[in-house]
Amino acid sequence: MTGKDIMDRATESYKVMLAYQDWVENLFRTLDNKFALGLNGKKLSPMPKTKLFVTSTNYLLYNYAIYNGQEVYNTWLPPWVGRFYIDMDYLVDDSPLEDYPAKQVQYITFVWTWLGSKDEYVADTDGPECWVGIVEPKPTDPESRVYDVAGEIWKCIRVEKDAEKESDGWIFGSFNPNSFGSELNGFWQVRRFPLRDISSIYQTYQLIINPVTEKLAKLAGGESIRG
Numbered sequence: 000m001t002g003k004d005i006m007d008r009a010t011e012s013y014k015v016m017l018a019y020q021d022w023v024e025n026l027f028r029t030l031d032n033k034f035a036l037g038l039n040g041k042k043l044s045p046m047p048k049t050k051l052f053v054t055s056t057n058y059l060l061y062n063y064a065i066y067n068g069q070e071v072y073n074t075w076l077p078p079w080v081g082r083f084y085i086d087m088d089y090l091v092d093d094s095p096l097e098d099y100p101a102k103q104v105q106y107i108t109f110v111w112t113w114l115g116s117k118d119e120y121v122a123d124t125d126g127p128e129c130w131v132g133i134v135e136p137k138p139t140d141p142e143s144r145v146y147d148v149a150g151e152i153w154k155c156i157r158v159e160k161d162a163e164k165e166s167d168g169w170i171f172g173s174f175n176p177n178s179f180g181s182e183l184n185g186f187w188q189v190r191r192f193p194l195r196d197i198s199s200i201y202q203t204y205q206l207i208i209n210p211v212t213e214k215l216a217k218l219a220g221g222e223s224i225r226g
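Numbered as in numbering that gives the first Met the number 0, the sequence shown ends at 226 without a single skipped number.
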C-alpha cells in the first residue's frame, strides 16, 4: 500500500475503528444487563464492574509514547478486548467481587472479542471473532484474588496450543503451570465464532447468554468441565 493509498483511506478507517469500538462497548453493556437476569437460574456479575481487559495499556511509536503531559494516551485499537463474569451464587458478603479468594469461586466465565489477525498464538481468521469461555482455574495459591486469577487466564490461555478435544461447539483444554508464567492448574471450555454473527439481541442470547448459562447450570448439577 502506497503512502497515497494510506492517506486516502486514513479518515474513513478511523471512523470504522471508532464504530468498531462503540459496537464492542455496546456488546459488553448488553451482556452485563442480560447476564444479570438469571437465565437458567444463573445470574452473572461482571468483574471488575468498571474495567475491560485489553491487550495493552499504552501505545508506543518507536521510542516515543503518545503523551499529553500527564498520562499515556490509549489511542489505538486493541486487538483483544475482554470481560470476566462471576456467578452471583458465590457471593456471600459485601466484599468487592474482585477481592474474593479464588477458592470461593469455582468457575469464571469470560467473553472476549478479537480483531482476527496478528496474534502470535492464534492463526489469522477472515474477520473479528468472539470467544466465550468457562474456566475452572485451580490456581496454585487458592487464596489468590479472583481478579488476579482472571488476569492469569487473560494472559495464559492458549486455545490452539492446549486444546484437547472439541464437542458440541465447545473446545476443551487445560492450563500448563509455569508455562507463559501461569500458576493455573485447571481446565477450560471455549466457543469461538465470527463476531459478525452477533447482529441482534436474539443472536446475543443464542450465541452467548443461553450457551453459557446452560453450561453453568449443568456444571452446578455435577457435569465435569472436562466433558
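Think of the CB as a built atom: it goes at the ideal place given N, C-alpha and C, for glycine as much as any other residue.
- One alpha carbon belongs to Leu-194, the other to Ala-219, and they sit about 29 angstroms apart.
- Looking at the backbone, the Cα of Tyr-120 and that of Val-53 are separated by about 16 angstroms.
- Fewer than three beta-carbon pairs drawn from the segment 153 to 161 and the segment 197 to 214 are found closer than 8 angstroms, and the two stretches are therefore not classed as touching.
- DSSP, reduced to helix, strand and coil, places Gly-172 within a strand of the structure shown.
- Between the beta-carbon of Lys-214 and that of Ile-133 there is about 6 angstroms, and that keeps the pair under the 8 angstroms contact cut.
- Taking the CA atoms as reference points, Arg-144 sits about 18 angstroms from Gly-81.
- Short of 6 angstroms from the beta carbon of Phe-27, and not among the five residues preceding or following it, lie these beta carbons of its own chain, in chain order: Arg-82.
- Under the DSSP definition of a beta bridge, Val-189 partners with Gly-132 and Ile-170.
- Judged by DSSP in its simplified three-state form, Ser-44 adopts strand.
- In the DSSP assignment, Gly-2 falls within the unbroken alpha helix (DSSP H) covering 2 to 34.
- Excluding the 5 residues flanking it on each side, Tyr-146 has same chain C-beta neighbours closer than 6 angstroms at Glu-97, in chain order.
- The beta carbon of Glu-11 lies closer than 8 angstroms to none in the same chain, with the five residues before and after it left out.
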